[in-house]
Ligand SMILES: [Zn+2]
């Protein structure tokens, strides 16, 4: 069933049947890449009743924007996810899919026209909704063990310069004490506590387990994208510290 778009940046409405009622206030803006070979293929899936997935918006390479689900409805894009202890991220978020083949099919830089459109759409949403800037997130932030999107090529710094999302210049990459797989003890515990405080779903085990590596990797994709290796090097730890104490 067609509907009137929520944003003047929308070019076309392509209604998806994949949504239901919200039972929470919108306070997260969640960004994705489509991770499919073409945007047309992604659209087909996002409106397919069998696929049971959707997003509110789809932004094409050339900057065209389709709206698939009204913002008032709960779209199905986050899956099993968590942020700051909340787990029904779909109920409280607006989801934007950004066309890019992703890590599986040839991850590439996002074209300027596409990012300009993402910025315009996000600015419009943020002008209408109360969403704190640290709650403009990537899918990998809320589902670090399962998801890589929108990934380390996504220009979070450009968005922040336009008033969208939180970004601090990452601490420089230097040598030094680095925590990695199978490390144990107080330093690992402190890292885990800081990641949990920031919002990630992080169990405090004092052990640099798979979950810790996934969360550090997700943090790097978003906040220290120059090197994404899942190792808690001094730059990663210092960037996290600065974000927590800004
Ligand atoms: Zn996603």
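Residue numbers (this note's numbering): 74 to 319.
Backbone N, C-alpha and C fix where the C-beta goes; we use that ideal spot for every residue, glycine too.
task: Could you name each continuous beta strand (DSSP E) segment of 3 residues or more that falls completely within the stretch 225-263, going from the start of the chain to the end?
output: List check, beta strand (DSSP E) in window: nothing returned.
field: Pair within 8 Å by beta-carbon distance, residue 316 and residue 210
entry: Locating residue 316 in the chain shown gives position 243, where the first residue counts as 1. Locating residue 210 in the chain shown gives position 137, where the first residue counts as 1. With contacts defined by Cβ atoms closer than 8 Å, residue 316 and residue 210 do not form a contacting pair.
message: At a threshold of 7 Å, does residue 222 count as lining ligand 1 (C-beta to nearest heavy atom)?
response: Taking the first residue of the chain shown as 1, we reach residue 222 at position 149. Correct: residue 222 has its Cβ closer than 7 Å to ligand 1.
message: For a test of your reading of the model: does the CB of residue 176 fall under 7 Å from any non-hydrogen atom of ligand 1? Yes or no.
response: In the chain shown, residue 176 corresponds to position 103, counting from 1. Because no heavy atom of ligand 1 lies under 7 Å away, the Cβ of residue 176 does not count as near it: no.
- prompt: At what residues does the alpha helix (DSSP H) containing residue 287 begin and finish?
  reply: Counting from one through the chain shown, the residue named residue 287 turns up at place 214. Per DSSP, the unbroken alpha helix (DSSP H) holding residue 287 starts and ends at 283-296.
query: Taking the runs of the alpha helix (DSSP H) that are 4 residues or longer, which of them lie wholly in the stretch 89-176?
result: Along the length of the stretch 89-176, whole alpha helix (DSSP H) runs at least 4 residues long occupy 112-119, 162-165, reported in chain order.
query: Can you tell me the Cα-Cα spacing of residue 272 and residue 80, whole angstroms?
result: In the chain shown, the residue the question calls residue 272 occupies position 199. In the chain shown, the residue the question calls residue 80 occupies position 7. Taking the CA atoms as reference points, residue 272 sits about 29 Å from residue 80.
message: Going by C-alpha to C-alpha distance, which of 84, 248, 143 sits closest to residue 137?
response: For the purposes of this step, residue 137 is identified with residue 64 of the chain shown, where counting begins at 1. Closest option to residue 137, Cα to Cα, is 84.
task: Compute the beta-carbon to beta-carbon distance between residue 303 and residue 222, rounded to the nearest angstrom, for a pair I have assumed lies under 8 Å.
output: Here residue 303 is taken as the residue at index 230 of the chain shown, counted from 1. Here residue 222 is taken as the residue at index 149 of the chain shown, counted from 1. Wrong, their Cβ atoms sit about 17 Å apart, outside the cutoff.
query: residue 276: buried (16+ other C-beta within 10 angstroms of its C-beta) or exposed?
result: To locate residue 276, count along the chain shown from 1; it is residue 203. Its Cβ having fewer than 16 others within 10 Å, residue 276 is exposed.
message: Please tell me whether, using a cut-off of 7 Å, the distance from the CB of residue 212 to the nearest non-hydrogen atom of ligand 1 is below it.
response: Residue 212 sits at position 139 when you count from the first residue of the chain shown. At least one heavy atom of ligand 1 is nearer than 7 Å to the Cβ of residue 212, so yes.
Top-ranked residue by Cα proximity to residue 195, from 218, 175, 217, 171: Counted from its first residue, the chain shown places residue 195 at position 122. Minimum Cα distance to residue 195 is reached at 171.
- request: Express the C-alpha separation of residue 120 and residue 87 in angstroms, rounding to a whole number.
  value: The residue labelled residue 87 in the question sits at position 14 within the chain shown. The residue labelled residue 120 in the question sits at position 47 within the chain shown. Between residue 87 and residue 120, the C-alpha separation is close to 8 Å.
- request: List the DSSP bridge partners of residue 209.
  value: Translated into positions along the chain shown, residue 209 becomes position 136. Answer by DSSP bridge pairing, in chain order: 102.
- request: Report the rounded CA-to-CA distance for residue 237 versus residue 75, giving the unit in angstroms.
  value: Here the question's residue 237 lines up with position 164 in the chain shown. Here the question's residue 75 lines up with position 2 in the chain shown. Rounded to whole angstroms, the gap between the alpha carbons of residue 237 and residue 75 is 29 Å.
message: Between the alpha carbons of residue 257 and residue 265, how many angstroms are there, rounded?
response: Looking up residue 257 in the chain shown gives position 184. Looking up residue 265 in the chain shown gives position 192. Computed Cα separation, rounded: 11 Å.
message: Going by C-alpha to C-alpha distance, which of 147, 205, 105 sits closest to residue 180?
response: Counting from 1 along the chain shown, the entry for residue 180 is found at position 107. Ranked by Cα distance from residue 180, the first of 147, 205, 105 is 105.
message: What I want to know is whether the C-beta of residue 129 ends up closer than 7 Å to one or more non-hydrogen atoms of ligand 1.
response: For the purposes of this step, residue 129 is taken as the residue at position 56 of the chain shown. No heavy atom of ligand 1 is found nearer than 7 Å to the CB of residue 129.
message: Quick check: what's the CA-CA separation for residue 28 versus residue 262?
response: No information on residue 28 is available, as it lies outside the stretch 74 to 319 that the chain covers here.
- prompt: What are the boundary residues of the alpha helix (DSSP H) that residue 199 is part of?
  reply: Taking the first residue of the chain shown as 1, we reach residue 199 at position 126. Segment 185-201, the alpha helix (DSSP H) holding residue 199.
message: Output needed for residue 312: all residues of its chain with C-beta closer than 6 Å, excluding positions within five of it in sequence on either side, in chain order.
response: Reading the chain shown from its first residue, position 239 is the one you call residue 312. Counting only Cβ-Cβ distances below 6 Å, and skipping sequence neighbours, we find 243, 244, 296, 297.
query: From the DSSP output, which residues share a beta bridge with residue 305?
result: For the purposes of this step, residue 305 is taken as residue 232 along the chain shown, with counting starting at 1. Paired residues: 252.
task: Would you tell me roughly how many angstroms separate the C-alpha atoms of residue 278 and residue 285, rounded to the nearest one?
output: For the purposes of this step, residue 278 is identified with residue 205 of the chain shown, where counting begins at 1. For the purposes of this step, residue 285 is identified with residue 212 of the chain shown, where counting begins at 1. One C-alpha to the other measures close to 9 Å.
task: Taking the CB atoms as reference points, tell me whether residue 167 and residue 198 lie closer together than 8 Å.
output: Reading the chain shown from its first residue, position 94 is the one you call residue 167. Reading the chain shown from its first residue, position 125 is the one you call residue 198. Contact annotation: residue 167 and residue 198 have beta-carbon atoms nearer than 8 Å.
query: When DSSP labels each residue in this structure, what does residue 271 get in the three-state scheme?
result: Locating residue 271 in the chain shown gives position 198, where the first residue counts as 1. Correct three-state label for residue 271: helix.
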